[in-house]
Structures are given as structure tokens and as C-alpha cells.
Amino acid sequence: MSITTENRFEEALVHSLINGGYSLGDASSYNTELGMFKQEVIDFLKASQPNRWEKISTIHGADTENRVIQRLYKELDLRGNLDVIRNGFVDYGVRFQMAFFPPVSGLNPDAVILYNKNSLKVYRQVYYSDKVKNSVDVVVSLNGLPVATLEVKNQFTGQDVSNAIKQYNTSRDNRDLLFTFKKRSLVHFAVDQDEIFMTTKLDGNKTFWLPFNKGYNGGKGNPINPNGYRTAYLWENILQKDSWMEILQRFIHLQIEEVEVNGRIYRKEKLIFPRYHQLDAIRKVSIDVFKNGIGKNYLIQHSAGSGKSNSIAWLAYRLSSLHNQTDERIFDSVIVVTDRNVLDQQLQNTIYQFEHKAGVVRKIDKDSSQLASALGYGTNIIITTLQKFPFVVDKVGELPDRKYAVIIDEAHSSQGGEASKKMKEILAIKSLEKAEEEEENIDDYTGDDFIREQVERSATSRGQQPNISFFAFTATPKYKTLRVFGDKDIDEKPKPFHLYSMRQAIEEGFILDVLQNYTTYELYFKLTKAIEEDPQINKKKAAKAIGKYVSLHPYNLSQKTEIIIEHFRDIVSKKIGGKAKAMLACGSRLHAKRYFKEFENYIKEKGYDKELKILVAFSGKVIDDDAPDGVSEPQLTGYGEKELPDVFGKDDYKILIVADKYQTGFDQPLLHTMYIDKKLSGVKAVQTLSRLNRIYPGKEDTFVLDFVNDRQTILDSFQPYYEVTTVEDETEINHLYDLKARLDQFQVYWEADIEDFAQVYFNPATNFKDQKRLYAYTDSAVDRYRALTEDKQEEFKKGLRSWTNLYAFLSQIMPFIDTEFEKFYAYSRLLQTRLPKRDLSESLQFDDEIALEYYRLQKIKEGAIELVKGEIGKLSGTAEAGLKRLKEEEALLSEIISILNDRFGTEFEEADKLFFDQIEAELMEDTTLQTQAKVNKLDTFKFAFNDKFIDKLIGRMDQNQEIFEKILEDKVFGDLVKELMMKKIYKKLNEL
């Protein structure tokens, strides 16, 4: 047999498993009707539980084997394989175990003996059906029950992992017991020498495959293995006996959700198998804790959307049962700090599946005595809120003989409402009642910031506590987070203990790249001007749109409202099958309130109210001219704050206006577009824009329209958390025409084919019978493509991909429609799927998403961030947003002009001081500021001042357009002006 065949690869895999605790099974012994290796099951039960077998034999007599197997079959059908493996089954009062898991400590030698009675077998070429004579390459069984299947492909034979996936999708029937969801095999692996993918549910072409790869150079794939195959870790590590038994015992779980559809509740089940980065993180943390003991801090930097909820549940359970070398529990209790009710329930359900007993997890939701009781009695896992965290630390400090693991979930911190009041209570060290009396605006102090500050303050003030280990999960660590929780490298610089980067998550198709389609308002304006000057575009069609946009002022709320609403209706509303939603992020609560009113008025005026409903979210009450006593979010929307996320999830509501709420930790996969009308930088920019990154069936892209920020600032904000670091500066619409003309010269497609294709593709009456016509209209193009030289093929394919990517982006912002382009776009997208594929990166796509070449981030050099190699993007300790804190502490208002001219090289004259004097006079007369200045410190007063300052500035923008634009367009300049004036106003108001 040739050394390059698939059989050789299969043999190497099987041989490794046999050396790692498996035995080779007889594939012909698989019973297709029972979905198990019947004799293996019987032999295991007899050998491991002889007394119970003898007892059941006295009941069933000569038919014992068949009766027991039939009982097992019914239990597998009813409860699923995972539950039966973990908890066994009962037949006529006799309980049989179907697996024995390793004990958490070595104090029970009988448990070790039983564990060694497990029979793990590997089978090659198992025929799984009597209907079709097909076999699956490899089957792994535990005590006769199949638990995993593998399709193995060898690239030397011209096939790769994509062929394995296709084989599962097209020729593995989930009605066959081996492939039926949860009833037999728990996971299916598609494997070649370079990559691994997995799924827990086969569903034809709808099967959702996840990568099970380590990651390579900060992105997808696997590192080179000097000792063999890149994917050898699957059979040399993951599937080895002790590892595999731990996964079956402590990781795989059934996630159950109740979904309401048309008033009826449906049960939705999902079998969760850990992804590689999750499994790797939990195991490495556990090993390190076992080796180094208590008192160390751990930072787990996992990208948004990477499954942190499950990772936290697995880590909590693992730490709660971890024993040291003398068989003592390392931690008396594991404390999970979170503000997500869903995580509380998820932890309860997940750990109940592992332990099959209640009381392992306890939620602290009452008072400190409840907390003291849980800590004192050593409850395994305690869940508490971020507001109670300081009290938890205090109680832990009072029990020095007890040892604790504290897991910090900072990804989904609550914001606003009652949570904001509790934040104020703790930050000000006052009573809750006192905090409720003080209506401060702390919107900028988001939940993420709060929990970081609380954890960091507690940890740093007490120093390294010998009886507490902290485990912090985050996608975007700040400077202080790294300093407090980071691991020190050889240069004594902090880095995450474990990393799953944003880039890897994007490349693996687990989240979307939110910077793929990003435009600023200035670019939007420039594109419309380009249209006006473009002779190739029908000016009659474009005239109305051009007149509408060219004269708009970017800071006028009503004009922006028109842009946003019309853009949403024209473009966004058609995305994700008509389900797409958008968010508008405002600079202040007052802006949010006024935008809401503008949106309502515009929608009503245009008659859009039946198709478009909006919501607004901000904390507390906003005082405005039409609401002198203040107006709250529930008063405007009619919904309570806790209701709003669920309400926004309904089909009716399309746009959510926010002011520092729902910009972190808000998970709505239908969110497609974000409109930005606030300054963003640093971690806040990443967190805000990452609201768009969740994947959803039919969601192929995202879009951002930014009225305020320049792309360089956004790029600099993402750089520390994302290895790809460049964005093409701008794109001309004419490039579409130029590139199309170049593609025409290849003569691969004919205009007649495109026209015929469009007549079928865009016809609402088209049905499945017409699909063959689409193939016919693209067949000739594929043949002409094949006739090109290899270099020409590559050039054409790259150009076609570039054109479709560019059009997909520009079509979202062009205020005109080119029907010929729309036809060509539809045709070329399908043509691309039919062109012969040359490499794995093109053949393996989880959806139809194609990376955008002109607007995506590009990696500018290897190691600019090097997260995988342990080098963290450099975050400033003085200003984590990337701007240094201004040093001028005091300045008279009369000195502003000279300070600005010296600092920024401007040429404002003393006469320009009148502009500032008028604004100062109006601010001094503002009753809200007068009250805020009396009851607040300067750091808190600034929130109220910022809103009022911008308000007054806009009101006088016509008097001094130059200063107005400089303040709003140049952040450093604007910040200095605001700081100087704020200190002056605050001082004068307190002197009254």
C-alpha cells in the first residue's frame, strides 16, 4: 500500500489511540438497528457490575441480555446518550452504570478500579446503515456506545477537510442512529493533516461546523508540528483516554432554551462541545493552579462571541473539584461575579448535568448574612453580583482559613437604572437611600468600567491575598486590568494567561469583522460629490439624492435623522431577510432624548410609522426645555428598562437610540448597522462597535456610518486587540466602473447570460424547477474560465472577488441605484461559487461572507501586536483611550485664545473671545449647572457640563463657524476648550 494513501493517515490516527488507552474494535459488530456495539455493552455490564447483572438475571432469566439491551435502547432514545453515560439506567429496580469516571481525589481506590474497567474502542470503516452500504472512517465508542465519529481526508490524494465536511453534509443521514442528534454519537470531526472542524448535530447542508483548531500566528489554522501532522493533537491529546473521559464527564452538556413563537413555547436543544480554545484555557488554568497553589491572578482574554459563558461554567466546576497533591480541595468555594441572570441559570443547569444533584450552585441575592452562610459552609459555587462584590471581598477577608477562587465575568455588566444607583452607592461609600437622593449622570461610567475598578481596587488595596485566586475574563483588557491580573513575561510586562484573539475569531467565522464596511460622514459626502461629477452615472436619477445630501450640515440633528432613517429604509431594512436592526450611539442622554423626538416626528411626517418603530435607552431622567421636571426612558418608550432588550428583539422595533447603555454586553445578533454620533476611542470604541459582530443565519456583513470619528482613531483603538491593522483610506465609486471594464476584457461572462440569469433570479415566481437555468447561464462562463491560463484565472478570480466586495460595501451608501450593477453582482456572486477552487482558504466557507479587500483591516507587519507570542498592544497607563491627559490645571477664561493659538497654531484674535464670553454667560445662567456645581465634585460635574456646553455651542455655531468646527472636529482641541471653560464655570458657580 502506498505511503501517501488515506488509509495510511487513518492507520496513524488509530495506532496512536491504541497506544493511548484504546483497543481496536471489530467494525462488523456494529448493530445498525440498535445503534450500538451490543456485545461490547453486555461484556462491560457483566465485567464491571457482576452483582447487578446476577440480580437482573434472576428477573429476566434466559432473555436477560436482550431485555437489558432493549431497556438501554429505550433510555437512550428518551434521555440521550450523554445523560445515560453519566447517570446510567434502571431496569426493574436494578441500576446499571454505563461509565465510571475518574475520582476527583485519590482517596477512593475502589473508584480508580472501576474507572479502569471502562472499555474505550476505536473502529475503522463502520457500516452504519442497512439501506446504503456506506461506512464512516472512524468511530470511537465507550463501553459499546458510540460517542464520536471521524471522517479523515488525506491531502496527498487531492482531498481535504472540506471534502469531509461535504461528505457529512450530503451522505450522512441523521435518521441513521449513529448520526441522530444526541442519541448516539455526541460529536463528529472532519479531519485532515492541517485542520479540524466539528459539529454536534448533523442537519444536511444546514449543519453548523465549528473550527477545532489551535490558531496560528494570531489567526486561524494550526501551527507547524515538527513531529508530524499539524492536527495530531486530536488523537495524541484530546481523544486520549483520560482527556476524553474528562470531556465526557466535565465539558459536554445539553443547553436547553425555551423559544416563544406565535404565543407558543418551544424547547430548543443544543449539545455543547468545547471549542479548542475553551478546553485549552480551562486545562491550562487548572494545571497552573495545581502547580502554584492559591493567591495567583489569571487574565483570560477571549474575544467577544467566543463562548465565555460556557468557559466560565466549565472553569467554575473544574476549580470547585480541584484537589492538591495531598488530596485536599484547593478551594473551599468558587465565587462567580456576574450581572447576567442568564449565566446564573446556565450555571445551575450545566453543573446539574455534571453532578446530577441540586445545591452545588447558590445565588446570593438577599443580604450579607446569606453570603456569610454560603461562604462559611463552603458552598461549592456561589454566584453574586458586581454590586455585592466589595462585600464579598470583605467577608472573604474575615475568613482567612478558607480558600476562594473568584471568577470575574465583566463581559455583560448591567448598566443604568437600579444598577447605576448601586454603583453610586459603592463608589461614594454612602447608603443606598442617600444615593437614590442624588441624581447624578454617570452614564459614561459603564458596567464594564465599574467592575474593573472594583476588582482592581480590591485586589490592589489588599495586595496579593494568599487565600484568594482571581480569574478575570475579558475581550478588551484595560491598562489596569493587565497590571493587576496579567502574567509577567521575561521582560516583566503583563500579558494574558490565555488568549483567543479577535482576529482568530473573525477568521474562523465565529464573529463578523465590524470594520469591514466602515465609513465616516465625510466620506459619505465625498462619494455623493463624486457621483455629481461622474459622467457615467444617470444624473437624472442621482439629482434628487445629491441635492438632498450635499448641503447637509453634519451636526444638525434633524438632517442626520433624515440620513439615518432613509439609509435604514433603503439599505438596512433589506438585510438578514428583512430582520436587520440598527443602533444609534449618541454623545449624551440629552442627544438621545432629542434624537428620539426627531425620529418620531420624521417617521410620522413621512408616513413610515406602520413599518418602522424606534426605541431609546438612557438612565435616569433628562431635563430639557419641554421636560423641566425631567423625562425617563420608560416614559418615552412605554416599557420598563428591564423589558427593553426583549422588546427590541421583536420584529416591530428596528432602531435603538442609546446614550452609554447597551454599548457593552448587549447581545442582539440581528443588529446589523450602527450609526455613531459620539466621540469614540480606545476600549470603548471596540466595545461599542463589537455589538455588531454576532453571527446569524443570513447575516453576511455589518455596516457603520460614523458622523464624528476619523478612521485612524478607530483603527488605533482596535489595534491592541486585533492583529490586522490597516484600512484602505478611501474608495472612489468610479473604481467600480474601472474594475468592471477590466473584468469585461477577460470575456469570461457574456452580457446576454447575465440578462437571462437576472430574468430568473429576480423573478418572484421562480421556484426550485428554475435552479437548473441558473446553472445553465453560468456553465459557459465556467468553461471559458477554465480555458484561461493559470495566471489569468487567478487575476480574474481576484478581480471578481474585489468587485463584489466593493459593490457590497458601496451599495449601502450610494444614494442611487444602478440596475446593471445589481444584476452583475447577483450573477458574479454565484459564479464565484462555481469557479474551480485552488486552496483551502477559498473552499472552506461557513457562510457566503466574503472578506472585503478595500475596507477591511490589513495586517501591516508581523508582530505589530503579536498577541499569540505574548506581546500585548501597548496600552497607556495615563490615558487608556490613547490621548494623554492635559496638564493645564488652571486657566482664566480670558487666556483661552492665547492658549489655543500657542498649542494648536491657530490664529484666533482677541475679538473671538466674544464667542466664548457669550457661551460662558449662558452656562452661568443655567439652573441645572448651578445645582450640579453645588452638590458635586468637579469629576462628576463634568458630565452635566459636557451636555450643556455642546448644546450652547450648537446654538451659536453660525456666529463663529471656524471655532465651532475646530472644537467639534479636533478632539484634543475641543477637549482643552471644554476643560478650561468647565473649571472656570465650576469655580465661579461655587463662589456665588
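Residue numbers are given in the working numbering: position 632 of the sequence shown equals residue 787, and the series is strictly consecutive.
Each residue gets a CB set at the ideal place from its N, CA and C atoms; glycine is no exception.
On a predicted model such as this, the values are computed, not experimentally measured, just so you know.
Check	Outcome
Euclidean distance between Cα positions of GLY359 and GLU662	24 Å
Sub-8 Å separation of GLY641 and LEU470 beta-carbons	no
Touching by the beta-carbon criterion (3+ pairs, under 8 Å), the region 244-254 and the region 193-211	yes
Residue environment, ALA747, which counts as buried when at least 16 other CB atoms sit within 10 Å	buried
Limits of the unbroken beta strand (DSSP E) element including LYS736	736-741
Sequence-distant residues of the same chain with beta carbon closer than 6 Å to GLU755, five excluded per side	none
8 Å contact criterion, which ASP865 and THR675 should meet: CB distance rounded	6 Å
Unbroken beta strand (DSSP E) run spanning HIS827, endpoints	826-832
Burial state of TYR1141 (16 or more Cβ within 10 Å)	buried
Cβ neighbour criterion (16 or more within 10 Å) applied to ASN271	exposed
Length-filtered (4 minimum) alpha helix (DSSP H) runs lying within the region 337-424	396-405
N- and C-terminal bounds of the beta strand (DSSP E) containing GLN456	452-457
Segment contact flag, the region 434-451 with the region 370-389, C-beta cutoff 8 Å, min 3 pairs	no
C-alpha distance - PRO258 paired with ASP397, whole-angstrom precision	12 Å
Backbone secondary structure at PRO264 - three-state DSSP	helix
Unbroken alpha helix (DSSP H) run spanning ASP938, endpoints	926-941
Three-state class that DSSP yields for ASN535 in the structure shown	coil
Integer-rounded CB distance, given that ILE437 should sit under 8 Å from ARG484	Rounded, the Cβ-Cβ distance is 18 Å, inconsistent with contact.
Sub-8 Å separation of LEU231 and LEU341 beta-carbons	no
Environment of ASN922 [buried if 16+ CB atoms lie within 10 Å]	exposed
Cα-Cα separation, LEU1084 to ASP779	13 Å
Cβ neighbour criterion (16 or more within 10 Å) applied to ARG744	buried
Inter-residue spacing [alpha-carbon to alpha-carbon] between GLU165 and GLN410	33 Å
When PHE626, LEU791, ALA319 and TYR851 are compared against ILE666, the one with the closest alpha-carbon	TYR851
Span separating the alpha-carbon of ARG339 from that of SER466	25 Å
Local conformation of ASN864 per DSSP, three classes	coil
8 Å contact criterion, which LEU739 and TYR757 should meet: CB distance rounded	Not really, about 13 Å apart at Cβ, beyond 8 Å.
C-beta contact flag for HIS457 and HIS478 at 8 Å	no
Paired residues, beta bridge with ASN298 - DSSP	ASN298 pairs with nothing; no bridge assigned.
Alpha carbon of ILE430 to alpha carbon of THR1095, nearest angstrom	The question names Ile, but residue 430 in the sequence shown is Arg. Each residue's alpha carbon lies about 44 Å from the other.
Stretch-stretch touch, CB-based, cutoff 8 Å, three pairs: the region 934-954 with the region 902-911	yes
Simplified DSSP state of PRO1223, which is helix, strand or coil	Lying before the first or after the last residue shown, residue 1223 is absent from the chain, which here runs from 156 to 1147.
Test item: CB-CB of PHE773 and LYS816 under 8 Å	yes
Bounding residues of the alpha helix (DSSP H) (the contiguous stretch that carries PHE976)	974-989
Cβ neighbours of SER171 in the same chain (closer than 8 Å, five flanking residues each side left out)	ALA387, TRP390 and GLU391
Where the beta strand (DSSP E) containing ARG327 begins and where it ends	Premise fails: ARG327 is in no beta strand (DSSP E) and is neither H nor E.
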